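Numbering (our numbering), first residue to last: 227 to 679.
Each residue gets a CB set at the ideal place from its N, CA and C atoms; glycine is no exception.
Remember, predicted model here, so these are calculated numbers, not experimental data.
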């Protein structure tokens, strides 16, 4: 059958539609997974699908004025690829993005990345024990892969991150504004703000970074905040909620202020993990159904009824401290251990499907939630991007980075259901409580004199 008569197949040979591992996303997580596949799993048979035109993830998507990292540069680097040339203690977006580009070049990742490729759906094939990932292509890659195709793989990894889907505040009249409006995550640098009257809606980390940069050029700047930040000294200024947006500005309790530009610094849709990708696992069960009572994952990585699937930055793995890269590296080593078992079975002409035991997942989630309920994150008087509307915290990890790294230092095979003709090895490990060590890095080792405090 010719390519013209079947647009589901790309131009080229079967290698374009088959891979051992498919990684969704070429940000920090996706790149880390790819490098570990090369170094730890000793395979080059993987594909990275990236919807944008560059690596970097959130550091490619977010380019607003003042965009920078709130973690020390020495910590915001891969442990295996330290950068001694950071220009600042807290580096800016351009410098971080350049660092990630250099890492991708050094490890030869570009030959594995398919840019301008959006994943619409992924389905698990129970018979073949494979994932079928539906990809839609835009831009120059059309000529190579056509507009859409299906990519088959033994293992699927989500590295889509959490800071990529802009959240638009639900304010009456938002669509009526006749001036310019932009979200911080979709900044338009062609717009000249010089001498303009500007409003910023939001008062989180993004707005805090944007504000001083915009204030330098604007003729007038107003920040609309739901909850004021705590600063020293704190000025006890009254705050009033936005009642609506008009054609020319923002209305607060009947008082209208006119603006040329409104910046929506309202954050992201962080608790909608994997959205808007449609995922179907065992027996065509949808991820929407699996997570109908909220997102959960064993160790924040593997999901009930999604065989041979792992996710980075999943439920309850975000941090309110330290560097997320330390969490990502632990997750990558853990997922690569699972991939290794699946690869070993395939090399023997067998198939293996691994998914978490529901009871193990429930124990993990109950333990984490019990700890989180005692934290300041759970305060009902504080709305945050860490929790759902019902107050359940689905974002944050409940301990330290060391705790998490220790948790993932071994794969507990009794926590997994193994199916397929290649299951005997894993079943045997589970029966004898045998574990697979994932390895540690120097920064993870706790000095002996610290004990378990």
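Within 10 angstroms of the Cβ of residue i, are there 16 or more other Cβ atoms? Answer buried if so, exposed if not.
i           : result
residue 416 : exposed
residue 277 : buried
residue 245 : buried
residue 467 : exposed
residue 375 : buried
residue 331 : exposed
residue 272 : buried
residue 445 : exposed
residue 368 : With a pLDDT of only 46 at residue 368, under the threshold of 50, the placement of this residue in the model should not be trusted; the figure read from the coordinates follows. Answer is exposed; the Cβ neighbour count stays below 16.
residue 664 : buried
residue 659 : exposed
residue 420 : exposed
residue 519 : exposed
residue 336 : exposed
residue 348 : buried
residue 243 : buried
residue 311 : exposed
residue 453 : exposed
residue 239 : Only weak support exists for where residue 239 lies, its pLDDT of 38 falling under 50; the coordinates are left without a value.
residue 584 : exposed
residue 685 : No answer is possible for residue 685: the residues shown for the chain start at 227 and end at 679.
residue 338 : buried
residue 534 : buried
residue 602 : exposed
residue 414 : exposed
residue 435 : buried
residue 428 : buried
residue 530 : buried
Going by DSSP, what residue range makes up the beta strand (DSSP E) through residue i?
i           : result
residue 275 : 272-275
residue 383 : 374-384
residue 424 : 423-427
residue 191 : Because the chain is modelled from 227 through 679, residue 191 falls outside the range shown and cannot be assessed.
residue 468 : Where residue 468 is concerned, there is no enclosing beta strand (DSSP E), given that its DSSP letter is neither H nor E.
residue 506 : 504-506
residue 248 : 244-250
residue 637 : 636-638
residue 537 : 535-537
For residue i, write down the residues that DSSP places opposite it in a beta bridge.
i           : result
residue 524 : 528
residue 356 : 351
residue 483 : 476
residue 294 : 318
residue 388 : DSSP lists no partner for residue 388.
residue 406 : 487
residue 269 : Residue 269 pairs with nothing; no bridge assigned.
residue 512 : 506
residue 281 : Looking at the DSSP assignment, residue 281 forms no beta bridge with any residue, so it has no partner.
residue 662 : 637
residue 642 : 582
residue 544 : 622
Determine whether the beta carbon atoms of residue i and residue j lie at a separation below 8 Å.
i           : j           : result
residue 253 : residue 387 : yes
residue 316 : residue 549 : no
residue 525 : residue 634 : yes
residue 578 : residue 507 : no
residue 363 : residue 373 : yes
residue 248 : residue 275 : yes
residue 295 : residue 322 : yes
residue 505 : residue 532 : yes
residue 384 : residue 488 : no
residue 503 : residue 307 : no
residue 424 : residue 447 : yes
residue 292 : residue 438 : yes
residue 326 : residue 285 : yes
residue 318 : residue 342 : no
residue 637 : residue 587 : no
residue 377 : residue 394 : no
residue 652 : residue 555 : no
residue 630 : residue 623 : yes
residue 528 : residue 581 : yes
Against chain D, with Cβ distances strictly below 8 Å, would residue i count as a contact?
i           : result
residue 342 : Absence of chain D from the displayed structure is noted, only one protein chain being present.
In terms of residues, what are the limits of the alpha helix (DSSP H) holding residue i?
i           : result
residue 648 : Where residue 648 is concerned, there is no enclosing alpha helix (DSSP H), given that its DSSP letter is neither H nor E.
residue 259 : 254-265
residue 440 : 431-441
residue 285 : 284-287
residue 629 : 627-633
Subject >> Minimum length 4: unbroken alpha helix (DSSP H) runs contained in the stretch 297-354 >> reply: Within the stretch 297-354, the complete alpha helix (DSSP H) runs of at least 4 residues are 319-332.
Subject >> Entirely enclosed alpha helix (DSSP H) segments - the stretch 563-606, minimum 4 residues >> reply: Taken in chain order, the unbroken stretches of alpha helix (DSSP H) that lie wholly in the stretch 563-606 and span 4 residues or more are 584-598.
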